[in-house]
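Below you'll find the structure, written out as structure tokens, and then a few comments.
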Amino acid sequence: MPNLFTAKNLTKSYRVSNNPLKKSQLEVLHGVSFSLNPGQTLAVVGESGSGKSTLARILVGAETPDSGQLFFEGKNILSKKHKFEWFKNIRLIFQDASASLNPRITIHQSLEEPLKNGTDYNATQRSDRIAEVLEMVGLRPEYAKRYPHTFSGGQRQRIGIARALLLRPKVIVADEPVSSLDVSVQAQIINLLLDLQDRLDLAYVFISHDLGLVQHFSDKVLVLNNGTQEEYGPVSDVFSQPKSKYTLELLDASAGYKKPE
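Going by full-length UniProt numbering, the final residue of the sequence shown carries number 261, and the count climbs one at a time with no gaps.
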């Protein structure tokens, strides 16, 4: 039986000059591979500029890799015939929920858009599903009538999580989902994500720079350094016996990480 979500040798480069006579390319990902099953969390860690957010965009279809393969339930989702399965089953939680919500439209309108594009629900069914996901993230259904500016940062992130859940995905990519929140609110959001994972058997790809959080939240970890995969494996193995100098330096610099006894 295939893994739920598998990446094989993903690479991505960007042109660094607008001069058509120059073909200089900056490689931001090189040979990234991993596998993930239902109920598991893969953490992706590394310094700023290591390629974490580029990988997140590739995983949700916002970027196309130059080479490599991406499989969902054994199907190559980089092929056009599986694009809808990609859109429906692999969804993103943004780092900054405020920036991802249109301030000019209600929460209902923001949440309704994926349902219009991804389902054949009528207006009543869309409203029912919106109410359902808001309750799942700890918000009252009537909040859908309000505008983003009327919510706190933590509430807006809950709305972002609700939006990611709308199409009943099996994989959620969370790009630094708590980094912009107060510490007390971070704990609430992490507990919510854990509860949803337990209830829905979700798989998470969790982009983070907080190794202490990764240590307690994740099953596997992928360490990126300038786009190159330094290490990949169970968190307990990688963190207790890092094989690369770069991983060791990350751990030493992390205030939240606790070295195993």
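Glycine included, every Cβ here is placed at the ideal spot set by N, Cα and C.
Considering only the beta carbon of each residue, do residue i and residue j sit closer than 9 Å?
i, j, result
"Ile189", "Leu181", "yes"
"Arg163", "Ser110", "yes"
"Val173", "Ile93", "yes"
"Lys52", "Ile207", "yes"
"Gly39", "Asp210", "no"
"Val32", "Gln186", "no"
"Val214", "Val205", "no"
Between the options, which lies nearest to residue i when the distance is taken from Cα to Cα?
i, options, result
"Glu135", "Gln155, Val171 and Phe71", "Gln155"
"Phe5", "Ala162, Gln95, Ala203 and Phe84", "Ala203"
"Ala7", "Ser50, Thr64 and Glu27", "Thr64"
"Thr11", "Thr41, Asn3, Ser50 and Ser244", "Ser50"
"Arg126", "Ala144, Leu139, Gly138 and Val137", "Ala144"
"Lys88", "Arg104, Asn102, Gln95 and Gly61", "Gly61"
"Tyr232", "Leu36, Ser13 and Pro2", "Leu36"
"Leu194", "His82, Val137, Pro103 and Lys83", "Val137"
May I ask which residues mark the beginning and end of the alpha helix (DSSP H) holding residue i?
i, result
"Phe87", "Lys83 to Asn89"
"Ile107", "Ile107 to Gly118"
"Asp195", "Val183 to Leu200"
"Val133", "Ala123 to Met136"
"Arg163", "Gly153 to Leu165"
Starting from residue i, trace the beta strand (DSSP E) in both directions and tell me its first and last residue.
i, result
"Asn225", "Lys220 to Asn225"
"Lys245", "Unbroken run through Lys245 is the alpha helix (DSSP H), Lys245 to Ala253; no beta strand (DSSP E)."
"Asp175", "Val171 to Asp175"
"Val205", "Ala203 to Ile207"
"Gln229", "Thr228 to Pro234"
Is the CB of residue i under 9 Å away from at least one CB in chain B?
i, result
"Asp252", "Annotation note: the requested chain B is absent from the structure, which comprises a single protein chain."
Quiz item: Within the chosen definition, does the region 225–237 reach the region 56–76 through at least 3 CB pairs nearer than 8 Å?
Solution: Flag = no, the region 225–237 and the region 56–76 do not touch.
Quiz item: Which residue spans inside the region 24–98 form an unbroken alpha helix (DSSP H) run of at least 4?
Solution: Whole alpha helix (DSSP H) segments, 4+ residues: 52–59 and 83–89.
Quiz item: Touching or not, the region 107–125 and the region 32–46, by the rule of three or more beta carbon pairs under 8 Å?
Solution: No contact exists between the region 107–125 and the region 32–46.
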